[in-house]
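The structure appears below as structure tokens.
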Amino acid sequence: RESQVELREHIDSLATGETWGGGSPPSPGGPRVLDPLPPFPFSPELCRINEDQKVALDLDPYVKKLLNARRRVVLVNNILQNAQERLRRLNHSVAKETVRRKALLEAAGGYPQGLPGK
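Printed below as a string of structure tokens:
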């Protein structure tokens, strides 16, 4: 936990343009001594790191892949929803037909001969 606090303070000092006195962070119990640098928005160390890491990333292919994947997921989702709706309607029709046939059988005086009554 203390090392995380030290790291955070060091990162903050780099972002504000200050350096640690003696070139290293203080010990956990020791005082924090900062040497102010000239008022630049970022320290030279951060500028150097930023320059070293500058890589022109072309994100267009990745965006196209994500959009294509999203389109396919939406398409499959629509197919599944349509299939579920058709299945629900079919189930409803089967239940309705079952009730209608039971009513016909009961009105005709029972089940036909050879079939057990339920």
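Going by my numbering, the sequence shown opens with residue 3, and the numbers climb by one from there.
Ideal Cβ placement from N, Cα and C applies to all residues, glycine included.
What did DSSP end up calling ALA97 once you bin it into helix, strand or coil? helix
Over the uninterrupted alpha helix (DSSP H) stretch that includes ASP54, give me the two end residues.
-> 46–54
Expressed to the nearest angstrom, what Euclidean distance is found between the alpha-carbon atoms of ARG102 and LYS66?
54 Å
| said: For SER5 and ILE13, what's the separation of their Cα atoms in angstroms? | reply: 12 Å
Is the Cβ-Cβ distance between GLU122 and LEU16 less than 8 Å?
-> It is not possible to answer for residue 122, since the shown part of the chain is limited to 3 through 120.
| said: Any heavy atom of the ligand ATP closer than 7 Å to the beta-carbon of GLN83? | reply: Only the bare structure without any ligand can be found here, which leaves the ligand ATP out of the picture.
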